[in-house]
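Below: one structure, written as structure tokens.
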Ligand SMILES: [Zn+2]
Ligand SMILES: [Zn+2]
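Below you can see the structure in the form of structure tokens.
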């Protein structure tokens with residue numbers, strides 16, 4: 008499986024992806040808002056885009072569909088529940104569906120509500136598992152829930168994301184890494200791994216930040232550190248009504264609330 012991370016350098020700090028079969032050169036484009044750049048990148052690699060996948064219905068993920076379909080006649084794949092809102096969907100996806108690209112790539116569809124209620128992540132299994140996580144899980148952060156529900160996002164985190172293999176490489180829909188690490192350090196000032204990683208990230212070129220793994224996320228992403236004593240004591244300072252031993256759901260929801268206004 009070949010993965011190309013594309014940085015259009017736009018205001019939304021989007022990432023687009025191409026996932027290609029090394030034998031046939033067929034490629035799947037993930038959330039290709041800047042479809043011309045995505046197409047140009049595929050051509051430079053000698054790949055042909057045969058499928059487009061939207062992780063969810065927001066325009067900053069779907070806005071390139073029409074142009075790319077016109078140019079390539081690729082099939083459009085998205086959550087079955089988001090198909091009518093997105094329009095032009097050729098294949099509506101549900102939990103457990105498998106997406107094949109060429110002869111070598113198989114991606115499993117995960118139903119991951121929270122950021123919106125019709126959001127999918129897709130997982131490539133194998134020696135180097137990879138998760139295309141849209142706006143559900145960011146590097147060192149979690150998606151907002153302005154058009155979804157934080158309670159459902161919590162459930163997606165604890166019942167699905169946290170259980171993925173630690174080696175899973177993470178490919179989110181936007182690049183917010185430094186900002187998210189700053190939030191982690193605001194919540195957990197003694198997190199030395201996050202502090203060291205922030206130094207590294209600050210010297211990286213825009214759009215060339217390191218790809219994290221789920222194992223690293225568990226060390227640097229506050230939304231995976233719901234039982235950490237520093238996180239809880241800082242949270243109790245912000246919310247004096249909080250119990251001494253709050254449950255993980257409460258911690259997640261309060262962190263999400265703080266992040267909204269941080
Ligand atoms: Zn979104
Ligand atoms: Zn987005």
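Residue numbers (our numbering): 8 to 269. Where is the CB? At the ideal position from N, CA and C, for every residue including glycine.
Would you say the beta carbon of residue 180 is closer than 6 Å to some non-hydrogen atom of ligand 2?
Answer for residue 180: yes, Cβ within range of ligand 2.
Is the Cβ-Cβ distance between residue 131 and residue 114 less than 7 Å?
Yes. Within cutoff.
Could you give the residue range of the alpha helix (DSSP H) that holds residue 161?
Counting along the chain, the alpha helix (DSSP H) containing residue 161 begins and ends at 157-166.
Is the beta carbon of residue 176 sitting closer than 7 Å to the one on residue 220?
Closer than 7 Å, so yes.
Let me know if residue 269 comes out buried or exposed under the rule of 16 or more other beta-carbons within 10 Å of its beta-carbon.
The residue is exposed, with fewer than 16 neighbouring Cβ atoms inside 10 Å.
Out of 145, 82, 211, which one is the CA nearest neighbour of residue 181?
Among 145, 82, 211, the Cα nearest to that of residue 181 is on 145.
Is residue 25 helix, strand or coil by DSSP?
Residue 25: strand per DSSP, three-state reduction.
Quick test of your reading: residue 163 and residue 121, contact by CB under 8 Å. State the CB separation rounded to the nearest angstrom.
Correct: roughly 5 Å between the Cβ atoms.
With DSSP collapsed to three states, give me the class of residue 197.
Three-state DSSP puts residue 197 in coil, outside helix and strand.
Thinking C-beta only, is residue 157 closer than 7 Å to residue 233?
No, they are not a contact pair.
Taking the continuous alpha helix (DSSP H) assigned at residue 86, which residues delimit it?
Premise fails: residue 86 lies in the beta strand (DSSP E), 82-86, not in any alpha helix (DSSP H).
Once the 5 residues before and after residue 239 are set aside, which same chain residues still bring their CB inside 7 Å of it?
Closer than 7 Å at the Cβ level, and outside the excluded window around residue 239, lie 253, 258.
When the Cα atoms are used, what is the spatial distance from residue 28 to residue 170?
Between residue 28 and residue 170, the C-alpha separation is close to 27 Å.
With C-beta atoms as the reference, is residue 106 less than 7 Å away from residue 81?
Contact: no.
Could you give the DSSP three-state label for residue 260: helix, strand or coil?
If DSSP states are grouped into helix, strand and coil, residue 260 belongs with the helices.
Using only the heavy atoms of ligand 1, determine whether one of them is closer than 6 Å to the beta carbon of residue 142.
Residue 142: yes, Cβ under 6 Å from ligand 1.
How about residue 227 and residue 149: do their beta carbons lie closer than 7 Å?
It is not a contact, given that the beta carbons lie outside the stated cut-off.
Between which two residues does the alpha helix (DSSP H) harbouring residue 41 extend?
Per DSSP, residue 41 belongs to no alpha helix (DSSP H) and is neither H nor E.
How long is the line joining the alpha carbons of residue 135 and residue 167, rounded to whole angstroms?
Their backbone Cα atoms lie some 18 Å apart in a straight line.
I'd like the span of the alpha helix (DSSP H) that includes residue 76, first residue to last.
Element bounds for residue 76: 72-79.
Report all residues from its chain with a CB closer than 7 Å to the CB of residue 98; omit the five preceding and five following residues, and keep chain order.
82, 84, listed in sequence order.
Helix, strand or coil for residue 241? Go by DSSP, reduced to three states.
Correct three-state label for residue 241: helix.
State whether the stretch 209-218 contacts the stretch 14-31, with contact taken as three or more CB pairs (one from each stretch) at a distance under 8 Å.
Touching, yes.
Does the Cβ of residue 203 have 16 or more other Cβ atoms within 10 Å, making it buried, or fewer, making it exposed?
Exposed, by the Cβ-count rule.
Could you give the residue range of the alpha helix (DSSP H) that holds residue 67?
From DSSP, the alpha helix (DSSP H) with residue 67 extends over 66-69.
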